[in-house]
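Here is the structure we will look at.
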Amino acid sequence: MAVHDLYFYLSSLGSVLSTLPLLDPKWWSTWSSALLRPTIAGVAALIAHRQAKTARNKLKFDLFERRFAVYDATVLLINKAI
376 MAVHDLYFYL
386 SSLGSVLSTL
396 PLLDPKWWST
406 WSSALLRPTI
416 AGVAALIAHR
426 QAKTARNKLK
436 FDLFERRFAV
446 YDATVLLINK
456 AI
């Protein structure tokens, strides 16, 4: 293979590779910025869901404590009455 043939082969390969969108930095910039917003929104939604779940569990626990205090007082009152 002559040097000229090798040069021709590499230059034609370079022109083919330059047409691939994956090698274009502008393509990567466009896609990464397009995917970044939904990713951040998904993470924010997940955090909000977990916070709501934690708040709901805390409310259940607080209500249980109040109800248990009423139950304890009722049992104590019944025991004194008997």
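Numbered continuously in my numbering, the sequence shown closes out at residue 457.
Quick reminder that beta carbons are idealized off the backbone N, C-alpha and C, glycines included.
Asp399 sits in coil when the DSSP states are folded into three classes, being neither helix nor strand.
In the structure shown, the three-state DSSP call for Ile453 is helix.
Residues of the same chain with their beta carbon placed closer than 8 Å to that of Ala444 are lacking, with the five preceding and five following residues left out of the count.
Ala448 and Ala456 have their alpha carbons spaced roughly 12 Å apart.
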